[in-house]
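Chemist: With my numbering applied, the sequence shown has no gaps in its numbers, which climb one by one up to 321 at the end. Mind looking over this structure? Questions follow.
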Amino acid sequence: MEKDSKNLKKGIFNVLDDYLIISLGVLLYTFAWADMLIPNGIASGGLTGACTILNFATGIPVYLSYIVINSLLLLCGFLVLGKGFGFKTIYAIGLSTLCLDFLAGMEFLHVFFDNKLLLVVVAALIESIGISFILARGGSTGGTDIVALIINKFWPISLGKVFLVVDMFIIASVLLIPGKTVEDMVYGYVAMVIFSVFVDWVMLGRNSTWQIMVFSSKYKEIADYVIHEMNRGVTALDAQGWYSGESKKVLLILVRKPELHSITKAVKDIDPKAFVTVSSASTVYGEGFDEMKTGLNLNLKKKISNVKPKAE
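Here it is in structure tokens:
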């Protein structure tokens with residue numbers, strides 16, 4: 010009973026923590042747009058960029074077109090990415106809509122730099138930090154975020170690259186607005202590149218996998234700790250010391266980057282004399298890590314379904 014109560018409290022805390030980080034991310038993201046980019050006549054990529062360009066051309070408020078288009082895209086998010094994704098995204102989109110409207114009206118918060126390029130760089134960094142917070146907790150601000158995550162679910166294409174391709178077309182459309190120049194388009198591209206590179210760096214860094222090999226006489230204690238306390242698998246490899254001729258066990262452990270410090274610290278606490286090697290694993294597929302993404306090969310699936318078992 011006590012254990013169930015602790016698990017419930019832990020679950021509630023984790024949910025609240027997720028939504029707190031998402032809220033912070035939304036605040037940073039909308040501030041970069043409503044108080045930095047839009048007041049300075051700059052449109053970068055993403056759905057917000059498309060809505061900003063629409064605002065420059067027609068005067069339709071950014072928050073209004075943002076919520077309408079996102080409502081349609083949300084249906085795709087529910088169907089492909091699941092309800093957990095959808096609920097967090099509904100929250101992020103709703104809060105983003107309110108913040109875009111509220112912060113746009115707070116003119117004293119608007120930021121203007123003499124150096125427009127510097128303003129674009131700072132705004133892009135703030136926006137990318139905000140989006141990274143949201144994506145890291147399983148949410149999205151909608152628009153191209155949803156498109157990118159859907160594509161990434163089936164194909165091994167990084168989020169930043171998807172944003173890059175879609176945003177190139179969105180930003181180029183600013184030239185269709187009277188009064189806008191190539192310079193405005195270039196500012197948009199600068200913001201886009203900074204955003205794409207930073208999001209890729211943050212997301213890939215967090216999800217990167219590391220391979221740990223532990224040489225220790227206390228391999229049993231270390232393996233038990235990793236399995237029961239860290240909920241990670243351990244493989245014990247047979248090895249032989251060439252000089253001593255003694256048979257030994259070497260532990261092979263694969264972990265995510267956030268877990269790396271905890272495991273190496275535990276190994277040191279259990280056996281200060283342990284010999285540990287750590288190396289980066291570019292890609293790991295399997296349970297507890299990434300799903301094998303090879304695209305939707307419908308022809309292959311059809312061929313497999315048509316294969317009939319041979320009669321014995």
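Virtual Cβ for every residue (Gly too), placed ideally from N, Cα, C.
Between I186, I221, G242 and I203, which has its C-alpha nearest A66's C-alpha?
Modeler: As a working note, residue 66 is residue 57 in the sequence shown. Here the closest residue by C-alpha is I186.
Chemist: With DSSP as the reference, label S14 as helix, strand or coil.
Modeler: For the purposes of this step, residue 14 is identified with residue 5 of the sequence shown, where counting begins at 1. Correct three-state label for S14: helix.
Chemist: Which of helix, strand or coil does DSSP assign to L307?
Modeler: Within the sequence shown, residue 307 is the residue found at index 298, counting from 1. Confidence at L307 is low in this model, with a pLDDT of 49, below 50, so its placement is unreliable and the value that follows should be read with caution. Here L307 sits in helix by DSSP.
Chemist: Answer yes or no: do S59 and I179 have a C-beta to C-beta separation smaller than 7 Å?
Modeler: For the purposes of this step, residue 59 is taken as the residue at position 50 of the sequence shown. For the purposes of this step, residue 179 is taken as the residue at position 170 of the sequence shown. With the sequence shown as reference, residue 59 is identified as Ala, and Ser is not the correct amino acid for it. In contact: A59 and I179 (Cβ atoms closer than 7 Å).
Chemist: Would you report the Cα separation of A101 and S149, rounded to the nearest angstrom?
Modeler: On the sequence shown, residue 101 is found 92 positions in, with the first residue counted as 1. On the sequence shown, residue 149 is found 140 positions in, with the first residue counted as 1. Their Cα atoms are separated by approximately 6 Å.
Chemist: According to the neighbour-count rule (16 or more other Cβ atoms, all chains shown, within 10 Å of its Cβ), is A157 buried or exposed?
Modeler: Translated into positions along the sequence shown, residue 157 becomes position 148. Buried, because 16 or more other Cβ atoms sit within 10 Å of the Cβ of A157.
Chemist: Could you tell me how far apart the beta carbons of A283 and F224 are, in whole angstroms, since I believe they sit closer than 8 Å?
Modeler: Position 274 of the sequence shown, counting from 1, holds the residue named residue 283. Position 215 of the sequence shown, counting from 1, holds the residue named residue 224. Confirmed, about 7 Å.
Chemist: So, is Y252 buried or exposed, given that buried needs 16 or more other C-beta atoms within 10 angstroms?
Modeler: Here residue 252 is taken as the residue at index 243 of the sequence shown, counted from 1. When all chains shown are included, Y252 counts as exposed.
Chemist: Using the C-alpha atoms, what's the distance from V35 back to Y196?
Modeler: Within the sequence shown, residue 196 is the residue found at index 187, counting from 1. Within the sequence shown, residue 35 is the residue found at index 26, counting from 1. Their Cα atoms are separated by approximately 23 Å.
Chemist: Closest to L46 by C-alpha separation, out of A248, N64 and L81, would be which residue?
Modeler: One-based indexing of the sequence shown puts residue 46 at position 37. Ranking A248, N64 and L81 by Cα distance to L46 puts N64 first.
Chemist: So I143 is in the alpha helix (DSSP H); what residue range does that whole segment cover?
Modeler: Within the sequence shown, numbered from 1, the residue matching residue 143 stands at position 134. Note, I143: alpha helix (DSSP H), K125 to A145.
Chemist: Closer than 6 Å by C-beta to K258: which residues in its own chain qualify, once you throw out the five before and the five after it? Chain order, please.
Modeler: Position 249 of the sequence shown, counted from the start, is the residue given in the question as residue 258. Closer than 6 Å at Cβ, skipping near neighbours: Y228 and A245.
Chemist: How far does the alpha helix (DSSP H) with A232 in it reach, from first residue to last?
Modeler: Locating residue 232 in the sequence shown gives position 223, where the first residue counts as 1. Its alpha helix (DSSP H) spans residues Y228 to H237.
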